[in-house]
Every structure is written in C-alpha cells, then in structure tokens.
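Right, one structure below, let's go through it.
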Amino acid sequence: MTPAPALSVLEKTFGYDSFRGQQAEIIQTVIDGGDALVLMPTGGGKSLCYQIPALVREGTGIVISPLIALMQDQVDALSAVGARAEFLNSTQSSEERSRVEAAFLAGELDLLYLAPERLRVSSTTDLLDRGAISLFAIDEAHCVSQWGHDFRPDYLQLSVLHERWPSIPRIALTATATETTRREIAQRLDLGTARQFVSSFDRPNIQYRIEGKQQPLQQLLSLLSSEHPGDAGIVYCLSRASVEKTAEFLVQ
Numbered sequence: 113m114t115p116a117p118a119l120s121v122l123e124k125t126f127g128y129d130s131f132r133g134q135q136a137e138i139i140q141t142v143i144d145g146g147d148a149l150v151l152m153p154t155g156g157g158k159s160l161c162y163q164i165p166a167l168v169r170e171g172t173g174i175v176i177s178p179l180i181a182l183m184q185d186q187v188d189a190l191s192a193v194g195a196r197a198e199f200l201n202s203t204q205s206s207e208e209r210s211r212v213e214a215a216f217l218a219g220e221l222d223l224l225y226l227a228p229e230r231l232r233v234s235s236t237t238d239l240l241d242r243g244a245i246s247l248f249a250i251d252e253a254h255c256v257s258q259w260g261h262d263f264r265p266d267y268l269q270l271s272v273l274h275e276r277w278p279s280i281p282r283i284a285l286t287a288t289a290t291e292t293t294r295r296e297i298a299q300r301l302d303l304g305t306a307r308q309f310v311s312s313f314d315r316p317n318i319q320y321r322i323e324g325k326q327q328p329l330q331q332l333l334s335l336l337s338s339e340h341p342g343d344a345g346i347v348y349c350l351s352r353a354s355v356e357k358t359a360e361f362l363v364q
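Residue numbers 113 to 364, in my numbering, belong to the letters of the sequence shown in order.
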C-alpha cells in the first residue's frame with residue numbers, strides 16, 4: 113500500500129497519479145529512516161525516490177551531484193513545481209552562496225544540491241551541522257567505483273556522511289552498475305546494511321541488431337532510407353570527426 117503523504121506529494125507536486133515499479137517501496141524505506149541503494153535505468157524515475165522523501169520528512173534533503181549542469185536542471189525543474197530547491201557550487205558569487213546558506217539554516221529549503229568536493233571543505237560540513245537535514249541522496253553513485261569510466265575521487269570521501277551524521281538516512285542511486293560495482297558502492301559509501309533495489313533494465317521498446325561493417329556510411333543510409341524514412345533519430349559515433357563526416361554525408 114502506498115503511504116498517503118508520499119502519494120499526496122506525487123499527485124499534487126509532480127502531477128502523477130501512481131508510482132512505477134519499486135518507487136513506492138524505495139520512497140517508504142527512506143521516509144521511515146532507512147538507507148537504500150537503488151539501481152534503476154535512465155528514465156525510470158530515480159529522482160523522485162529522494163525528492164519525495166525530502167518533501168515528506170522534516171528538514172532539507174542534501175543531494176550530492178557530480179555535474180553543475182545537472183544541478184541547475186534539477187533545481188529549475190523542482191522550482192517549476194513549487195519545491196524549494198537550491199544548489200551550492202563554484203559558479204556562484206559569495207553573495208549568492210551566503211543567500212543559499214541562510215535559507216538552509218532558516219529551514220526554508222526542501223532540497224539543497226552540493227558537488228561532492230564541497231564536503232571536503234570544513235565550512236560546508238560545519239554548515240550542515242547547523243541545519244536540519246532530512247536525508248542524504250548520492251546521485252550517480254557509480255562515480256565512487258575506481259573501475260568505472262566516470263570515477264570521481266571526491267566520491268571516495270562520501271563515507272563521511274554516515275560517520276558524521278549516522279542517524280540521517282542515505283540513498284545512493286545509479287543507472288550504471290554491475291553486481292561488482294554495486295558491492296563496491298555499498299562498501300565505499302558504508303551502505304552495507306542498506307536495502308538494495310535493482311530494477312529491470314529490459315526496454316521492450318528498444319531493439320538491438322549487429323551488422324557487419326563493410327561500407328558503414330552507405331549501410332547507414334540504406335537503413336535510414338528503407339526502415340526509417342521521415343523519422344527522427346540519433347546516430348552515435350566514436351569521435352567528433354566521425355560525427356562531422358557522417359553528418360556531412362547524410363546531408364548530401
């Protein structure tokens with residue numbers, strides 16, 4: 113059964129009438145104060161798994177995000193639905209940071225986005241000590257894996273969240289993690305006792321096909337002409353030069 117406060121936020125704030133997949137169970141785990149490690153495909157609704165608990169629980173949800181552009185997008189989207197969200201990162205002036213910090217300390221924020229490197233700065237951890245925190249969300253958690261192509265050394269410091277604030281629930285989320293990487297995330301972030309939620313990555317609307325590479329540009333043109341006339345699509349290439357060459361060929 114979906115908890116009433118969470119469902120109310122889903123409907124009134126985000127405009128959806130029901131949860132998908134494991135969302136309800138994940139959200140309730142965090143609302144109840146438990147830790148969670150979430151593996152969910154892109155487009156599966158990961159963000160709601162921490163945004164809704166942050167809106168239900170008392171205090172401000174602290175979201176660790178590796179990309180400044182992603183922070184801005186999330187804050188803009190949340191502000192558009194009436195949630196009180198801000199970020200702290202290196203792009204801001206000291207006056208802007210002071211404004212956000214004051215709002216956090218006054219309890220005026222639902223969510224606050226931080227870059228992982230800010231947790232190495234004592235002024236940031238001291239700030240968090242002085243405010244009311246509802247949860248910690250670690251987005252793109254695979255960045256902690258030293259075997260991954262998106263490894264971020266600053267993510268290795270995030271075990272401090274449990275060490276310094278042991279009573280505050282944490283949720284780590286990723287769309288990119290093998291079983292080995294999941295174990296590494298749990299170990300490095302001190303999430304050994306967290307509930308793990310692994311969603312299916314089966315996408316029935318996506319088809320895979322492998323073709324022998326003979327005359328790739330001509331093969332691509334033939335595919336587009338015969339199977340996708342008039343359709344829109346994306347062609348991925350291994351380099352910028354290859355993108356430009358392919359685009360020029362298709363335009364001609």
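For each residue, glycine too, the CB sits at the ideal point set by N, CA and C.
Remember, predicted model here, so these are calculated numbers, not experimental data.
Per the contact definition of three or more C-beta pairs closer than 8 Å, is the stretch 276-291 in contact with the stretch 161-169?
The stretch 161-169, when compared against the stretch 276-291, does touch it at the 8 Å Cβ threshold.
In whole angstroms, what separates the C-alpha of Leu-122 from that of Asn-201?
About 28 Å.
Sort Phe-199, Ile-250, Leu-179 by Cα distance to Leu-273 and report the nearest one.
With distances taken between Cα atoms, Leu-273 lies closest to Ile-250.
By a C-beta neighbour count over all protein chains shown, 10 Å radius and 16 as the cutoff for buried, is Val-150 buried or exposed?
With 16 or more Cβ atoms within 10 Å of its Cβ, Val-150 is classed as buried.
For Leu-223, does the count of other Cβ atoms within 10 angstroms reach 16, so buried, or fall short, so exposed?
Buried, since its Cβ has 16 or more Cβ neighbours within 10 Å.
Please return the same chain residues whose Cβ sits closer than 6 Å to the Cβ of Met-113, not counting the five positions on each side in sequence.
Caution is warranted here: a pLDDT of 44 is assigned to Met-113, below 50, making its placement in the model unreliable, and no coordinate value can be reported.
Please look up how many angstroms separate the CB atoms of Leu-226 and Ile-176, rounded, as I've assumed it's under 8 Å.
Rounded, the Cβ-Cβ distance is 6 Å, consistent with contact.
Report back the beta-carbon spacing between Pro-165 and Ser-311 to the nearest angstrom; my notes put them in contact at under 8 Å.
Not really, about 18 Å apart at Cβ, beyond 8 Å.
Whose C-beta lies closer than 7 Å to the C-beta of Asp-129 among residues of the same chain, with five residues either side of it excluded?
Contacts found: Glu-123.
May I ask you to report which of helix, strand or coil DSSP gives Gln-299?
Three-state DSSP puts Gln-299 in a helix.
Could you give the uninterrupted runs of the beta strand (DSSP E) lying entirely in the stretch 229-265, keeping only those of 3 residues or more?
245-250, all fully within the stretch 229-265.
Could you pull the DSSP bridge partners for Gly-173 from this structure?
Answer is Leu-223, Leu-247.
So the alpha helix (DSSP H) Arg-352 belongs to, where does it begin and stop?
Run containing Arg-352: 352-363, per the alpha helix (DSSP H) assignment.
For Asp-302, collect the residues of the same chain with a Cβ closer than 6 Å to its Cβ; drop the 5 residues on either side in sequence, then sort them by chain order.
So the list reads Ser-271, His-274, once near-sequence residues are dropped.
Considering only residues of the stretch 133-162, which uninterrupted beta strand (DSSP E) runs meet the minimum length of 3 residues and lie entirely inside it, listed in chain order?
Counting whole runs of 3 or more residues, the stretch 133-162 contains the beta strand (DSSP E) stretches 148-151.
Can at least three beta-carbon pairs, one atom from the stretch 167-175 and one from the stretch 240-255, be found at a separation below 8 Å?
Segments in contact, yes.
Which same chain residues, not among the five before or five after Tyr-267, have their C-beta less than 6 Å away from its C-beta?
The residues are Pro-228, Cys-255, Val-256.
What is the DSSP secondary structure of Gln-308, counted as helix, strand or coil?
Of the three classes helix, strand and coil, the one that applies to Gln-308 here is strand, per DSSP.
What are the start and end residues of the beta strand (DSSP E) that includes Phe-199?
Unbroken beta strand (DSSP E) run through Phe-199: 197-200.
Would you report the Cα separation of Ala-116 and Gly-146, rounded to the nearest angstrom?
Roughly 18 Å separates the two Cα atoms.
For the beta strand (DSSP E) containing Ala-284, name the first residue and the last one.
282-286 is the extent of the beta strand (DSSP E) around Ala-284.
Of all the options Ala-215, Gly-157, Val-355, which has the alpha carbon lying nearest to the alpha carbon of Phe-126?
Nearest option by C-alpha distance: Gly-157.
Kindly indicate the opening and closing residues of the alpha helix (DSSP H) around His-274.
From DSSP, the alpha helix (DSSP H) with His-274 extends over 272-276.
Could you name the residues of the same chain whose beta carbon sits closer than 7 Å to that of Leu-217, not counting the 5 residues immediately before and after it, in chain order?
Only Arg-242, Gly-243 meet the Cβ criterion.
Would you call the CB atoms of Arg-196 and Glu-213 closer than 9 Å?
In this structure, Glu-213 does not lie closer than 9 Å to Arg-196 by Cβ.
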